[in-house]
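> Handing you this structure, nothing more for now.
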Amino acid sequence: MSSENFKVTTTADETRIQVRGMLDVNTAPTLAEAVDELMAKRPARVLVDLTALDIIDSSGVAVLVKLYKGIRAQGGQVQITGARDQPLAIFKLLRMDKVFAL
Amino acid sequence: MSSENFKVTTTADETRIQVRGMLDVNTAPTLAEAVDELMAKRPARVLVDLTALDIIDSSGVAVLVKLYKGIRAQGGQVQITGARDQPLAIFKLLRMDKVFAL
Amino acid sequence: MSPPAVRLSMPGSLRYRAVAVRVVAEACRLVSRPDAEGDASSPAYDLTHPFDAAVVSAFAEIFNNIAIHAYGRRGDGGIDIAIWVTDDSIEVELRDHGSPFDLSSVPVPALDELHEGGMGIHIARSLLDEVEYEPGPPNLWRLRKRLEAAPARASAGG
Amino acid sequence: MSPPAVRLSMPGSLRYRAVAVRVVAEACRLVSRPDAEGDASSPAYDLTHPFDAAVVSAFAEIFNNIAIHAYGRRGDGGIDIAIWVTDDSIEVELRDHGSPFDLSSVPVPALDELHEGGMGIHIARSLLDEVEYEPGPPNLWRLRKRLEAAPARASAGG
Ligand SMILES: Nc1ncnc2c1ncn2[C@@H]1O[C@H](COP(=O)(O)OP(=O)(O)O)[C@@H](O)[C@H]1O
Ligand SMILES: Nc1ncnc2c1ncn2[C@@H]1O[C@H](COP(=O)(O)OP(=O)(O)O)[C@@H](O)[C@H]1O
Chain A
83 MSSENFKVTT TADETRIQVR GMLDVNTAPT LAEAVDELMA KRPARVLVDL
133 TALDIIDSSG VAVLVKLYKG IRAQGGQVQI TGARDQPLAI FKLLRMDKVF
183 AL
Chain B
83 MSSENFKVTT TADETRIQVR GMLDVNTAPT LAEAVDELMA KRPARVLVDL
133 TALDIIDSSG VAVLVKLYKG IRAQGGQVQI TGARDQPLAI FKLLRMDKVF
183 AL
Chain C
39 MSPPAVRLSM PGSLRYRAVA VRVVAEACRL VSRPDAEGDA SSPAYDLTHP
89 FDAAVVSAFA EIFNNIAIHA YGRRGDGGID IAIWVTDDSI EVELRDHGSP
139 FDLSSVPVPA LDELHEGGMG IHIARSLLDE VEYEPGPPNL WRLRKRLEAA
189 PARASAGG
Chain D
39 MSPPAVRLSM PGSLRYRAVA VRVVAEACRL VSRPDAEGDA SSPAYDLTHP
89 FDAAVVSAFA EIFNNIAIHA YGRRGDGGID IAIWVTDDSI EVELRDHGSP
139 FDLSSVPVPA LDELHEGGMG IHIARSLLDE VEYEPGPPNL WRLRKRLEAA
189 PARASAGG
């Protein structure tokens with residue numbers, strides 16, 4: 083599954099989600115659907131790459147939190163990496179830089 | 083000389099100007115200054131690369147025309163390449179696609 | 039006529055130009071890509087759609103002319119912009135309180151020569167369906183363009 | 039108070055959100071990078087300057103809330119935006135005719151937990167110097183931020 087804003091690639095080892103551009107109230111719902119689909123597969127390891135993410139808002143943060151909590155609740159691992167600029171500032175403000183190990 | 087919008091590189095053979103982003107009424111004057119400086123050096127061969135140019139307006143076109151006419155009047159060669167999307171449409175509309183050999 | 043979807047009032051100066059251009063670019067998106075998410079997926083406004091490219095390019099020329107010619111680059115007056123969007127068209131009005139002029143006296147540039155000026159009005163007229171001007175005060179520009187029947191739009195890929 | 043530099047009136051719907059966000063992003067540029075060319079050099083609005091990132095992020099949260107909560111996603115009312123820019127500050131007012139609410143009753147989220155909602159107001163308040171709300175009609179939001187003394191701004195390079 084993919085859209086203009088994200089790409090999901092699955093290998094034997096892990097599922098990789100690359101998010102790019104703007105993840106906000108208008109674009110987050112499509113990612114939220116992809117997260118639901120992904121969770122149905124109970125992946126063991128998910129890597130979220132935010133290197134190409136330019137802008138996020140609280141709706142975008144909510145989807146990442148949902149992913150993080152959901153996969154972990156299933157016993158999976160989640161790693162969120164690469165945040166920079168505005169997204170990094172938002173994660174720091176919400177003290178998520180620790181949880182997400184950014 | 084360079085700015086956010088263009089980069090001038092001079093080798094033994096030629097002077098290469100890469101233009102990027104928006105070349106418009108606000109950004110064209112800086113390029114116009116660079117063109118004046120360049121013409122003072124009477125270059126034999128100038129290559130203008132528009133591959134990274136996203137948007138142009140009539141002020142931007144005017145600077146390219148000034149460059150083209152000026153260098154040729156000095157006996158130099160000018161080649162303008164790589165226009166795409168909106169800039170290409172404007173050059174076509176102004177029938178400059180022939181002159182510029184785009 | 040129904041009220042415009044978007045109204046923007048701003049200084050008639052080149053310094054503020056990008057504010058107006060971006061508003062028009064977004065309004066174009068609503069016409070040319072109504073099925074896209076309500077928002078651009080990237081912070082760049084992109085003019086790859088020919089409709090957007092045409093309207094934004096034409097609008098920018100008319101805006102530049104108001105700032106440069108009507109207000110003589112003094113930035114001492116405002117521009118009021120109203121935008122109507124429908125399923126398949128956009129209409130943009132610009133009103134300014136600068137010097138009026140006679141549009142019919144502007145010559146069409148001879149395109150067998152290369153020009154360093156006098157191309158703005160020609161660009162705007164060529165790219166739009168209608169460019170109307172009523173000298174004021176306030177001077178009024180009315181720009182209109184219809185979306186052409188979509189030539190097999192590239193699939194959205196979602 | 040002097041009249042705002044920019045006024046924007048538009049539907050209070052998420053579909054039009056990018057119009058407003060882009061206007062605010064450009065207005066921020068006028069404050070944070072006044073020495074830059076009057077225009078962005080690229081069609082992307084960039085939020086790499088912390089001032090722009092803060093103001094645009096906060097504004098977007100407040101705009102979203104009006105569309106979602108005050109207008110209940112019905113898009114049946116407008117938003118009027120006024121922007122004042124000075125050398126070192128921006129002020130943005132938003133007026134809507136949706137349902138008023140009691141801002142003081144919104145709890146500050148406990149940041150030792152991970153939340154999937156209730157972060158918007160907190161983000162806006164944390165990023166700005168002032169966030170004021172007066173229930174209406176019209177409901178009024180007043181957002182303010184000062185530019186901090188420039189920490190050795192990267193040279194323009196031109
Ligand atoms: N809004 C305006 N107010 C006054 N005069 C204008 C306006 N727009 C255009 N003009 C006149 O028409 C001429 C042609 O405009 P245009 O085709 O855009 O080329 P340019 O601006 O490069 O001269 C201008 O030189 C100016 O004399
Ligand atoms: N403009 C508004 N009009 C009405 N209610 C609002 C408005 N903004 C916020 N609220 C209320 O405050 C709550 C908290 O808002 P916020 O922190 O942005 O989080 P969220 O929107 O994710 O719930 C909302 O759930 C809503 O009940």
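Chains A, B, C and D supply the protein sequences, listed in that same order. Reminder that position 39 of the first sequence reads as 121 in our numbering, one-by-one numbering, no gaps. Reminder that position 54 of the second sequence reads as 136 in our numbering, one-by-one numbering, no gaps. Reminder that position 158 of the third sequence reads as 196 in our numbering, one-by-one numbering, no gaps. Reminder that position 98 of the fourth sequence reads as 136 in our numbering, one-by-one numbering, no gaps. Note that CB positions come from ideal geometry on N, CA and C, so glycine has one too. Quick caveat: nothing in here was measured; it's all calculated off a predicted structure.
Can you tell me whether T97(B) is buried or exposed, with buried defined as 16 or more other CB within 10 angstroms of its CB?
Working through the second sequence from its first residue, we reach residue 97(B) at position 15. Per the 10 Å Cβ criterion, buried.
> Please return the same chain residues whose Cβ sits closer than 8 Å to the Cβ of P176(D), not counting the five positions on each side in sequence.
For this step, residue 176(D) is matched to residue 138 along the fourth sequence. D118, R133, D134 and H135, listed in sequence order.
> Buried or exposed: K183(C), going by 16 or more other Cβ atoms within 10 Å of its Cβ?
Translated into the one-based positions of the third sequence, residue 183(C) becomes position 145. Result: buried.
> Please name the residue in M121(B), F88(B) and L120(B) whose C-alpha comes closest to that of D106(B).
Counting from one through the second sequence, the residue named residue 106(B) turns up at place 24. Considering only alpha carbons, the answer is F88(B).
> Smallest Cα separation from F89(D): which of R111(D), I104(D), N103(D) and A63(D)?
Numbered from its first residue, the fourth sequence carries residue 89(D) at position 51. Minimum Cα distance to F89(D) is reached at A63(D).
> Can you list, in chain order, the residues of its chain with a C-beta nearer than 7 Å to that of R163(D)? Leave out the 5 residues immediately preceding and following it.
Residue numbering aside, residue 163(D) sits at position 125 when the fourth sequence is read from its first letter. Around R163(D): V169.
> Determine the burial state of R154(B): buried for a count of at least 16 other Cβ atoms within 10 Å of its Cβ, exposed for fewer.
The residue labelled residue 154(B) in the question sits at position 72 within the second sequence. Burial call: exposed.
> Within its chain, find whatever has a CB closer than 6 Å to the CB of E99(C); leave out the 5 residues flanking it on each side and keep chain order.
Along the third sequence, one-based indexing puts residue 99(C) at 61. Only G158, I161 and A162 meet the Cβ criterion.
> What does A91(C) reach in chain B if we use C-beta pairs closer than 9 Å?
Position 53 of the third sequence holds residue 91(C). Ordered by position in chain B, the residues that pass the 9 Å Cβ test against A91(C) are I137, D167, Q168, A171 and I172.
> With the cut-off set at 9 Å, would you say G50(D) and I121(D) are in Cβ contact?
Numbered from 1 along the fourth sequence, position 12 holds the residue referred to as residue 50(D). Numbered from 1 along the fourth sequence, position 83 holds the residue referred to as residue 121(D). No; because the gap between Cβ atoms is not below 9 Å, this pair is not in contact.
> List, in chain order, every chain D residue whose beta-carbon is nearer than 9 Å to that of E99(C).
Here the question's residue 99(C) lines up with position 61 in the third sequence. Within chain D, no residue comes near E99(C); the closest Cβ sits about 14 Å away, beyond 9 Å.
> Any heavy atom of ligand 2 closer than 8 Å to the beta-carbon of V59(C)?
To locate residue 59(C), count along the third sequence from 1; it is residue 21. Checking the Cβ of V59(C) against ligand 2 gives no.
> Listed in chain order, which residues are found with a beta carbon closer than 5 Å to a heavy atom of ligand 2?
Per the Cβ criterion, the list is N103(D), I104(D), H107(D), A108(D), F139(D), V144(D), G155(D), G156(D), G158(D) and I159(D).
> When the distance is taken between beta carbons, is S127(C) closer than 9 Å to G110(C)?
Against the third sequence, residue 110(C) aligns to sequence position 72. Against the third sequence, residue 127(C) aligns to sequence position 89. Not in contact: G110(C) and S127(C) (Cβ atoms no closer than 9 Å).
> Taking CB distances under 9 Å as the criterion, tell me whether R102(B) reaches chain C.
Taking the first residue of the second sequence as position 1, residue 102(B) is located at position 20. By this cut-off, R102(B) is not an interface position.
> Closer than 7 Å by beta-carbon distance: list the chain A residues that pair up with H153(D), in chain order.
Counting from 1 along the fourth sequence, the entry for residue 153(D) is found at position 115. The contacting residues are V147.
> Keeping to the same chain, check which residues put their C-beta closer than 6 Å to that of F139(C); ignore five residues upstream and five downstream.
As a working note, residue 139(C) is residue 101 in the third sequence. Correct list: empty, nothing qualifies.
> Sorry if obvious, but does the Cβ on S140(B) come closer than 8 Å to a heavy atom of ligand 1?
For this step, residue 140(B) is matched to residue 58 along the second sequence. Checking the Cβ of S140(B) against ligand 1 gives yes.
> List the endpoints of the continuous alpha helix (DSSP H) containing F173(B).
As a working note, residue 173(B) is residue 91 in the second sequence. Counting along the chain, the alpha helix (DSSP H) containing F173(B) begins and ends at D167 to L175.
> Flag this pair as yes or no: are the beta carbons of V128(A) and K148(A) separated by less than 9 Å?
As a first step, residue 128(A) must be located in the first sequence, where it is residue number 46. As a first step, residue 148(A) must be located in the first sequence, where it is residue number 66. Not a contact, by the Cβ cut-off of 9 Å.
> Is it right to say A126(B) is buried, meaning 16 or more other beta carbons lie within 10 angstroms of its own, or is it exposed?
Within the second sequence, residue 126(B) is the residue found at index 44, counting from 1. Per the 10 Å Cβ criterion, exposed.
> Is the CB-CB distance between V44(D) and L46(C) below 9 Å?
The count along the fourth sequence starts at 1 and reaches residue 44(D) at position 6. The count along the third sequence starts at 1 and reaches residue 46(C) at position 8. In this structure, L46(C) lies closer than 9 Å to V44(D) by Cβ.
> H107(C): which of L141(C), P72(C) and D150(C) sits nearest, CA to CA?
In the third sequence, the residue the question calls residue 107(C) occupies position 69. Comparing Cα positions, the closest option is L141(C).
> At a threshold of 8 Å, does A144(B) count as lining ligand 1 (C-beta to nearest heavy atom)?
Reading the second sequence from its first residue, position 62 is the one you call residue 144(B). Checking every heavy atom of ligand 1 against the Cβ of A144(B), one is found closer than 8 Å.
> In chain C, what lies closer than 7 Å to P176(D) by C-beta?
Looking up residue 176(D) in the fourth sequence gives position 138. Going along chain C, no residue has its Cβ under 7 Å from P176(D), so there is no contact; the nearest lies around 16 Å.
> Quick one: give me the first and last residue of the alpha helix (DSSP H) that L149(A) is part of.
As a working note, residue 149(A) is residue 67 in the first sequence. Counting along the chain, the alpha helix (DSSP H) containing L149(A) begins and ends at S140 to A155.
> Would you mind stating whether D136(A) and D167(A) have Cβ atoms separated by less than 9 Å?
For the purposes of this step, residue 136(A) is taken as the residue at position 54 of the first sequence. For the purposes of this step, residue 167(A) is taken as the residue at position 85 of the first sequence. Against a cut-off of 9 Å, the Cβ pair of D167(A) and D136(A) comes out as a contact.
> For the candidate residues V101(A), A94(A) and S85(A), whose alpha-carbon lies nearest to that of A165(A)?
In the first sequence, counting from the first residue as 1, residue 165(A) sits at position 83. Looking at the Cα atoms, V101(A) is the closest of the given residues.
> Hey, does D106(B) have any beta-carbon neighbour from chain C nearer than 9 Å?
As a position in the second sequence, residue 106(B) is number 24, starting the count at 1. It does; some Cβ of chain C falls within 9 Å.
> With the cut-off set at 9 Å, would you say L166(D) and A96(D) are in Cβ contact?
The sequence position of residue 166(D) within the fourth sequence is 128, counting from 1. The sequence position of residue 96(D) within the fourth sequence is 58, counting from 1. In contact: L166(D) and A96(D) (Cβ atoms closer than 9 Å).
> Identify the residues that DSSP records as bridge partners of E131(C): which are they?
For this step, residue 131(C) is matched to residue 93 along the third sequence. Beta-bridge pairing links E131(C) to A120(C) and R180(C).
> Run through chain D and tell me which residues come within less than 9 Å of L120(A), C-beta to C-beta.
The sequence position of residue 120(A) within the first sequence is 38, counting from 1. Neighbours of L120(A) on chain D: none; closest Cβ ~16 Å, over 9 Å.
> Heavy atom of ligand 1 less than 8 Å from the Cβ of E151(C), yes or no?
If you number the third sequence from 1, residue 151(C) lands on position 113. Not so, every heavy atom of ligand 1 lies at least 8 Å from the Cβ.
> Enumerate in chain order the residues of its own chain whose CB-to-CB distance from P42(D) is below 6 Å, with the five nearest sequence positions on each side excluded.
If you number the fourth sequence from 1, residue 42(D) lands on position 4. Hits under 6 Å: A120, I121 and W122.
> Check whether the Cβ of N108(B) sits closer than 8 Å to any heavy atom of ligand 1, and report yes or no.
As a first step, residue 108(B) must be located in the second sequence, where it is residue number 26. Not so, every heavy atom of ligand 1 lies at least 8 Å from the Cβ.
> Of all the residues that make up the region 42 to 54 of chain D, which are near chain C by a beta-carbon distance shorter than 9 Å?
Answer set for the region 42 to 54 of chain D: P42, A43, V44, R45, L46, S47, M48, P49, S51, L52, R53 and Y54.
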